[in-house]
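Participant:
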Amino acid sequence: AFSGAIVSYKDKTPPVWYELALETKLLDRVVGSKDKLVVEPLKKGEPLMLNVNSAATVGLVQELSKNKITVKLKLPVCADVGARVTISRNLGQRWRLIGYGVIQE
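Position one of the sequence shown corresponds to residue 5 (the working numbering), numbered consecutively onward.
#1: Which class does residue 49 belong to by DSSP, given the choice of helix, strand or coil?
#2: Give me, in chain order, the residues of the same chain whose beta-carbon lies closer than 8 Å to that of residue 109; leave out the 5 immediate sequence neighbours on both sides.
#3: When you compare each of 88, 47, 54 and 98 to residue 66 by their alpha carbons, which one comes out closest?
#4: Mark residue 107 as exposed unless 16 or more other C-beta atoms lie within 10 angstroms of its C-beta, in which case mark it buried.
#5: Nearest CA to the CA of residue 49: which residue from 94, 42 and 75?
#6: Take residue 29 as the anchor and find which of 94, 63 and 43 has the nearest alpha-carbon.
#7: Buried or exposed for residue 54, please, with buried defined as at least 16 other CB atoms from any protein chain shown within 10 angstroms of its CB.
#8: Using a Cβ-Cβ cut-off of 7 Å (strictly less than) and excluding sequence neighbours within five positions of residue 40, which residues of its own chain qualify?
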C-alpha cells in the first residue's frame, strides 16, 4: 500500500514543505466546544494540527509575529503557495479548530 504518495503530471508537482510560513487568521471562538471558549493567541513551541488539502500533520510554532507564523512540520506536506491550511489546537484531549492560514513563500 502507498502511504503519502501523490500523483501529478511531470514538472507540475507542487513543492514539498518541511516547514511552512503561514499568514494566519484566528477565529473569535473555538469551533466544536460546548463552552464558548475564546481563541488565545498562538505561542512559540505550541503544537498545532494542520490540515493541508487532504493531508493532516502536526507542526510546532517556530516563529510568530502579528498574523504570520512559521511552523516546523512532523510530516512533510505537498501543496502550492497560496493553499489554505486549517489550524487546530489540542483542547481537552481533542483537536479544535481555531483558525486558518495561507501558505506563503
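The beta carbon of each residue, even a glycine, is placed where N, CA and C say it ideally should be.
Facilitator: According to the structure data:
#1: In the structure shown, residue 49 sits in coil (DSSP, three-state: anything other than H, G, I, E or B).
#2: Within the same chain, residue 109 has close Cβ partners 25 and 85.
#3: Residue 47 is the option with its Cα nearest to residue 66.
#4: Residue environment analysis places residue 107 among the buried positions, since at least 16 neighbouring C-beta atoms fall within 10 angstroms of its C-beta.
#5: Ranking the options by Cα distance to residue 49, first place goes to 75.
#6: Considering only alpha carbons, the answer is 43.
#7: So residue 54 counts as buried.
#8: Within the same chain, and ignoring the five residues on either side of residue 40 in sequence, the residues whose Cβ sits closer than 7 Å to its Cβ are 33.
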